[in-house]
Amino acid sequence: MFGQLSHETQVKVGAGKAWELYGTINLALLAKEELSHTILQLDILEGDGGVGTTIKLTFAGGFSYKEKFTKVDNERRVKETEAVEGGFLDMGLSLYRVRFEVVGGDEEESCVIKSTVEYEVADGASFDVSIISVKPFADLAEAAKKQLTTSAGAD
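Okay, so the sequence shown: first residue is 6 according to this note's numbering, each after it adds one.
Next up, the structure:
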């Protein structure tokens with residue numbers, strides 16, 4: 006069974022400015038800083054934010070997993086990460102992917118940050134899909150919005 010959840014956040018900066026955050030490892034660092042009540046530890050295991058970068062996230066309650074950056078498309082402003090070990094994969098998912106898209110033009114005064122979670126339950130696995138949520142990424146988008154609009158005003 007395949008499923009998908011999405012969330013969109015409007016940000017009053019151009020898409021290029023938002024991509025400067027979303028297209029880099031700085032997004033993960035912002036997540037660790039702003040969502041510290043949820044993300045207890047973030048370790049960059051390999052890479053600098055490009056394709057192949059691997060990080061390990063440890064959450065409150067001991068839940069942890071490793072994810073790999075599988076796509077960083079600077080032209081289309083799309084970044085995808087996939088769980089490669091632990092977490093939901095150990096619980097019965099065969100796929101857990103997060104996609105971030107920054108939609109809009111550089112000259113525009115606003116853009117949309119779209120966060121999408123895609124998942125697939127492994128054949129024969131029983132998995133309660135209600136535990137999958139896009140809320141952490143919606144919270145991250147709000148933190149990014151705050152940082153982007155604060156720094157845009159300072160420029």
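We put the beta carbon where it would ideally sit given N, CA and C, even for glycine.
1) Short of 8 Å in beta carbon distance, which residues of its chain neighbour residue 114, apart from the five on each side in sequence? Order them along the chain.
2) Among residues of its own chain, excluding the 5 on either side of residue 26, which ones have a beta-carbon nearer than 8 Å to its beta-carbon?
3) On the three-state DSSP scale, how would you describe residue 135?
4) Would you list the one or two residues that DSSP bridges to residue 12?
5) For residue 37 versus residue 50, is the C-beta spacing smaller than 7 Å?
6) Is the distance from the Cβ of residue 42 to the Cβ of residue 139 below 7 Å?
7) Any chance the region 117-128 sits against the region 97-107, with 3 or more Cβ pairs inside 8 Å?
8) In angstroms, rounded to a whole number, what distance separates the CA positions of residue 44 and residue 147?
9) Quick one: residues in its chain with C-beta nearer than 8 Å to the C-beta of residue 97, no 5 flanking neighbours on either side, listed in chain order?
10) Which residue wins for smallest C-alpha separation from residue 90, given the options 63, 136, 72?
11) For residue 74, which of helix, strand or coil comes out of DSSP?
12) Among 69, 143, 135, which one has its Cα closest to the Cα of residue 8?
13) Pick out whichever of 155, 56, 60, 66 has its Cα sitting closest to the Cα of residue 75.
To lay it out plainly:
1) Position 109 of the sequence shown, counted from the first residue, corresponds to residue 114. The residues are 17, 18, 19.
2) On the sequence shown, residue 26 is found 21 positions in, with the first residue counted as 1. Excluding sequence neighbours, residue 26 sits near 32, 35, 149, 152, 153.
3) Along the sequence shown, read from residue 1 onward, the residue named residue 135 stands at position 130. Residue 135 falls in the helix class under three-state DSSP.
4) Indexing the sequence shown from 1 puts residue 12 at position 7. BP columns for residue 12 point to 120.
5) Residue 37 sits at position 32 when you count from the first residue of the sequence shown. Residue 50 sits at position 45 when you count from the first residue of the sequence shown. No. Outside cutoff.
6) Here residue 42 refers to the residue found at position 37 of the sequence shown. Here residue 139 refers to the residue found at position 134 of the sequence shown. It is not a contact, given that the beta carbons lie outside the stated cut-off.
7) In short, these stretches touch, since the Cβ pair count reaches three.
8) What you label residue 44 is simply residue 39 of the sequence shown in a count that begins at 1. What you label residue 147 is simply residue 142 of the sequence shown in a count that begins at 1. About 16 Å.
9) Along the sequence shown, one-based indexing puts residue 97 at 92. Only 126, 127, 130, 131, 132 meet the Cβ criterion.
10) Locating residue 90 in the sequence shown gives position 85, where the first residue counts as 1. Nearest of 63, 136, 72 to residue 90, Cα basis: 72.
11) On the sequence shown, residue 74 is found 69 positions in, with the first residue counted as 1. It is a strand residue.
12) For this step, residue 8 is matched to residue 3 along the sequence shown. Answer by Cα proximity: 135.
13) Start at 1 with the first residue of the sequence shown, and residue 75 comes out as number 70. Residue 75 has its Cα closest to that of 56, out of 155, 56, 60, 66.
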